[in-house]
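> These protein sequence lines map, in sequence, to chains X and C. Residue 20 in numbering that gives the first Met the number 0 sits at position 21 of the first sequence, and the numbers go up by one each step. Residue 11 in numbering that gives the first Met the number 0 sits at position 12 of the second sequence, and the numbers go up by one each step.
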Amino acid sequence: MRRAWKAAAVALLAAAAAGCATVPVKPWQRERLLDPIVAFRSEAREDARKLKTFEAREGSTGGIGGAGGGCACK
Amino acid sequence: MTRLATAFALGALALAAVPRAAAQTVADEPPVAGTLVRWFSDSERITVRSLTGNWTCPLPSAAGLQLHFNNERVVVPGIAAAPGTAEAVDAITTASRPISGDAFQDFIKVRNEVQGDYERGPLALSYYVSSERDYLAQQLGGRWSRDLREQSLNLSLGSSWSWDDIQPLADDDTQTGGARRTTLHWNAVLTEVRSPTTLVRYGVEYNFVNGLQHSPYRNVYAGGTNVPERHPEQRQRRDAFVRTSHALPNRSSLKLQYRIYNDDWGVNSHELGTRLSQYLTRGMSVRWEYRWYTQTAAGFYRDTYTDPNGVDGYRSGDYRLGALSSHLFGGALRMDLAALAPTHAWLQRLSLWFDVERYFNSNHYSANVVETGVDFRFP
Numbered sequence: 000m001r002r003a004w005k006a007a008a009v010a011l012l013a014a015a016a017a018g019c020a021t022v023p024v025k026p027w028q029r030e031r032l033l034d035p036i037v038a039f040r041s042e043a044r045e046d047a048r049k050l051k052t053f054e055a056r057e058g059s060t061g062g063i064g065g066a067g068g069g070c071a072c073k
Numbered sequence: 000m001t002r003l004a005t006a007f008a009l010g011a012l013a014l015a016a017v018p019r020a021a022a023q024t025v026a027d028e029p030p031v032a033g034t035l036v037r038w039f040s041d042s043e044r045i046t047v048r049s050l051t052g053n054w055t056c057p058l059p060s061a062a063g064l065q066l067h068f069n070n071e072r073v074v075v076p077g078i079a080a081a082p083g084t085a086e087a088v089d090a091i092t093t094a095s096r097p098i099s100g101d102a103f104q105d106f107i108k109v110r111n112e113v114q115g116d117y118e119r120g121p122l123a124l125s126y127y128v129s130s131e132r133d134y135l136a137q138q139l140g141g142r143w144s145r146d147l148r149e150q151s152l153n154l155s156l157g158s159s160w161s162w163d164d165i166q167p168l169a170d171d172d173t174q175t176g177g178a179r180r181t182t183l184h185w186n187a188v189l190t191e192v193r194s195p196t197t198l199v200r201y202g203v204e205y206n207f208v209n210g211l212q213h214s215p216y217r218n219v220y221a222g223g224t225n226v227p228e229r230h231p232e233q234r235q236r237r238d239a240f241v242r243t244s245h246a247l248p249n250r251s252s253l254k255l256q257y258r259i260y261n262d263d264w265g266v267n268s269h270e271l272g273t274r275l276s277q278y279l280t281r282g283m284s285v286r287w288e289y290r291w292y293t294q295t296a297a298g299f300y301r302d303t304y305t306d307p308n309g310v311d312g313y314r315s316g317d318y319r320l321g322a323l324s325s326h327l328f329g330g331a332l333r334m335d336l337a338a339l340a341p342t343h344a345w346l347q348r349l350s351l352w353f354d355v356e357r358y359f360n361s362n363h364y365s366a367n368v369v370e371t372g373v374d375f376r377f378p
C-alpha cells in the first residue's frame, strides 16, 4: 500500500506540474467549462449527499475535498 | 485533544489572515431556492426518506450565504425471525439498533440537519448541526481559496472541527454510557483549467477521529459468548483523489474520478468512477454513472473471533470494516425549463431533475435510491 501511495503522489505531482508548463487558457475560451454538465460545482451538493451514503455502507471516506457532517449513520 | 483544538483554531486564524483573492462563487449567482425528496431502501429493509431544502443568496460586498436543511425519517424493521428461535436471538444480540422490550417492532428515528455557509471573497465559513434522539453532531469549518496563473488554477485549503455528543438509548443487552467523538479535518484541493474543454481537480484530505467509533448497541459473538463491540478510540484517515471533466464535441461530457484511501486501522481502498452526460435537446440532459469500489479489512476485523477479547482487545461486527467491493449504477434526467419553456415567466426559472441509483456490494447487500428535486431561480 505504501508503494501505491508513493506512485499516486508522484502521478499527481507530475500531472499538476505538466499543467503549469502550458499556456493558461484565456477566460473567453472557457465557455464550455461553465456548462452544468461539465462544471464540478454543479454536482457538489449531490456529491456531498452521495458521500454520506457511501460512508454509511463502506469503511472509507473522502473524495470531495471537504468534511461531511457527523451523524449516527457512520 | 486540546492540542488538536488549538491547531484547528490557529489554522482558522491563519486562513482568515490571508489577503483576499479573486475566487468567488455564491456572490456571482442569482438567489436560488431548491427542494429535494430522496427515498432510500435496501436489502435489509431499512428505508430512509429525506426532505431537503436549499437556499443560496448573494449578499453585498462580494459575499454569499447558503442555507441547507434536511429532515430524514429512518425506519429500521423489527426482527423478522420467529420469536424464541435461535435466529431471533442472534439477530437481537447483534443488532446495531437499540432494542428495549419488543424487538419485533420497527425502530423509527428522525434526523434533522441544518448547515449554513457564509462566503466572502476567498474565505468561507460553515456551521453544521445534526440532531437525532441519541446523537448530536456539530461542525465548524473554514476554507480559503485563491486563483493563480490568470485564474486557470485555483488552490483551496480547508479545515473543520466537529464534536459529536452520543447518548445511547436504552438497550437490553448493552449498557454503553454517554460518549463523545471529535474529528479534525484538513484538505487541500487544486482545480485546474487544463484546456478549453478540460478541467482537472486534485485533492488530499486528512481526518483525525477521536472517541466512540463503534455501535453502542451491537454485540459480537466472540469465543463462545456475546460481548459488546469495541473499536479503537482513535483513527487517522487520509485520502488523495483526482477528478477530470471533459467537454466532448457532441454536446456531451465525460467525468472520471479516482480515489485512494488509507487509515491506521488497516483499511485501504480504491475507488473509480465515471459519469457520461449528454444533452437530448437544449435544456434537457441525461447522465449515466458507474462507480467501482474495493477495500481491505481492518486489522482487528475477523469474520469469527475465537477469543472474547477479540484481536488486541478489539472486536467488530461491522461489515464495513471487512474486505468488500461494490458497484453503483445510476441514471439521471435533468431539465432546465428556461430553455424548454422560454415564454413562461415562472416556468423558465425552474430546473427539475430525477435520479435513480442501484448499489450492491460483495456482502450480498444492495440498495436503491430514487431522488427528485426542483430549483427556482429568483429574479
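For every residue, glycine included, the Cβ atom is placed at its ideal position computed from N, Cα and C.
Please identify the residue among Thr371(C), Asp302(C), Tyr358(C), Trp54(C) whose C-alpha is closest to the C-alpha of histidine 326(C).
Of all alpha-carbon atoms in Thr371(C), Asp302(C), Tyr358(C), Trp54(C), the one lying nearest the alpha-carbon of histidine 326(C) is that of Tyr358(C).
> Are the CB atoms of glutamate 149(C) and serine 129(C) nearer to each other than 9 Å?
no
> For arginine 314(C) and alanine 221(C), which I take to be in contact (beta-carbon distance under 8 Å), what is that distance rounded to the nearest angstrom?
5 Å
> Would you say glutamate 228(C) faces chain X, with C-beta separation under 9 Å as the test?
no
> Leaving out five residues on either side along the sequence, give the residues of the same chain with a beta carbon under 6 Å from the beta carbon of leucine 211(C).
Ile165, Ala178, Arg180
> Residues of chain C with CB under 8 Å from valine 24(X), in chain order?
Ser151, Val192, Arg193, Ser194, Pro195
> Going by beta carbon distance, what residues of the same chain come within less than 6 Å of valine 208(C), once the five residues before and after it are set aside?
Thr182, Arg234
> Taking one C-beta from the segment 247-257 of chain C and one from the segment 268-284 of chain C each time, how about it: are there three or more such pairs within less than 8 Å?
yes
> Along the chain, where does the alpha helix (DSSP H) that runs through isoleucine 165(C) open and close?
Looking at the DSSP string, isoleucine 165(C) is not in any alpha helix (DSSP H); the run it does join, the beta strand (DSSP E), is 152-165.
> Drop a sphere of 10 angstroms on the beta-carbon of tryptophan 38(C), count the other beta-carbons inside from all chains shown, and report buried for 16 or more, exposed for fewer.
By the neighbour-count criterion, in which 16 or more other beta carbons inside 10 Å mark a residue as buried, tryptophan 38(C) falls on the exposed side.
> Please report the distance separating the alpha-carbon of serine 268(C) from that of serine 60(C).
43 Å
> Using the Cα positions of leucine 336(C) and phenylalanine 353(C), report the straight-line distance between them to the nearest angstrom.
14 Å
> Aspartate 238(C) touches chain X at which residues, Cβ-Cβ below 9 Å?
For aspartate 238(C), the C-beta contacts it makes with chain X under 9 Å involve Ser59, Thr60, Gly61, Gly62, in order along the chain.
> Find the nearest neighbour of histidine 67(C) within the set Ser42(C), Asp116(C), Glu43(C), judged by alpha-carbon distance.
Out of Ser42(C), Asp116(C), Glu43(C), Asp116(C) has the C-alpha closest to the C-alpha of histidine 67(C).
> Just to confirm, are arginine 333(C) and serine 284(C) a CB contact at a threshold of 9 Å?
yes
> Does any CB atom of chain X fall closer than 9 Å to the CB of valine 266(C)?
yes
> Where does the unbroken beta strand (DSSP E) through aspartate 41(C) begin, and where does it stop?
Element bounds for aspartate 41(C): 31-41.
> Do glycine 202(C) and valine 266(C) have their C-beta atoms within less than 9 Å of each other?
no
> Taking arginine 110(C) as the reference, which of Ala80(C), Asn70(C), Asp133(C) has the closest Cα?
Asn70(C)
> Considering only residues of the same chain and omitting the five flanking positions on each side of arginine 290(C), which have a CB-CB separation below 6 Å?
Gly272, Leu327
> Helix, strand or coil: how does DSSP classify phenylalanine 53(X) here?
helix
> By Cβ distance, which residues of its chain are closer than 7 Å to alanine 21(C), with the 5 residues on each side in sequence left out?
Because alanine 21(C) sits at a pLDDT of 34, beneath the cut-off of 50, its placement in the model cannot be relied upon, and the following sentence gives the value as read from the coordinates. So the qualifying residues of the chain are Asp146, Gln150.
> Starting from the N-terminal side, write out each stretch of the beta strand (DSSP E) that is 3 residues or longer and does not extend beyond the segment 36-90 of chain C.
46-58, 62-75
> Could you tell me whether the Cβ atoms of glutamate 57(X) and tyrosine 205(C) are closer together than 9 Å?
no
> Would glycine 120(C) count as contacting chain X if we go by Cβ distances under 9 Å?
For glycine 120(C), the nearest beta carbon of chain X is not closer than 9 Å to its own beta carbon.
> Between which residues of its own chain and threonine 243(C) is the CB-CB distance below 6 Å, once the five residues before and five after are set aside?
Val199, Leu255
> Exposed or buried, what is histidine 184(C) when buried is set at 16 or more other beta-carbons lying within 10 Å of its beta-carbon?
buried
> Could you give the first and the last residue of the continuous beta strand (DSSP E) run that contains alanine 136(C)?
134-147
> Output the distance between the C-alpha atoms of glycine 77(C) and leucine 168(C), rounded to the nearest integer angstrom.
16 Å
> If distances are taken between C-alpha atoms only, which option among Ser251(C), Phe106(C), Gly52(C) comes closest to threonine 280(C)?
Ser251(C)
> For leucine 327(C), report the span of its beta strand (DSSP E) as first-last.
323-335
> Can you look up glutamate 28(C) in the DSSP assignment and give me helix, strand or coil?
Glutamate 28(C) carries a coil assignment under DSSP once its states are collapsed to helix, strand and coil.
> Starting from tryptophan 345(C), trace the beta strand (DSSP E) both ways and give me its first and last residue.
Here tryptophan 345(C) belongs to no beta strand (DSSP E), and DSSP marks it neither H nor E.
> So which residues of chain X does serine 315(C) contact, with C-beta pairs closer than 9 Å?
Under the 9 Å cutoff, chain X gives no residues; its nearest Cβ is about 10 Å from serine 315(C).
> Consider the Cβ of serine 284(C): report whether some Cβ of chain X lies at a distance smaller than 9 Å.
For serine 284(C), the answer is yes, since a Cβ of chain X falls inside 9 Å of its Cβ.
> Output needed for glutamate 28(C): all residues of its chain with C-beta closer than 7 Å, excluding positions within five of it in sequence on either side, in chain order.
Thr55, Pro57
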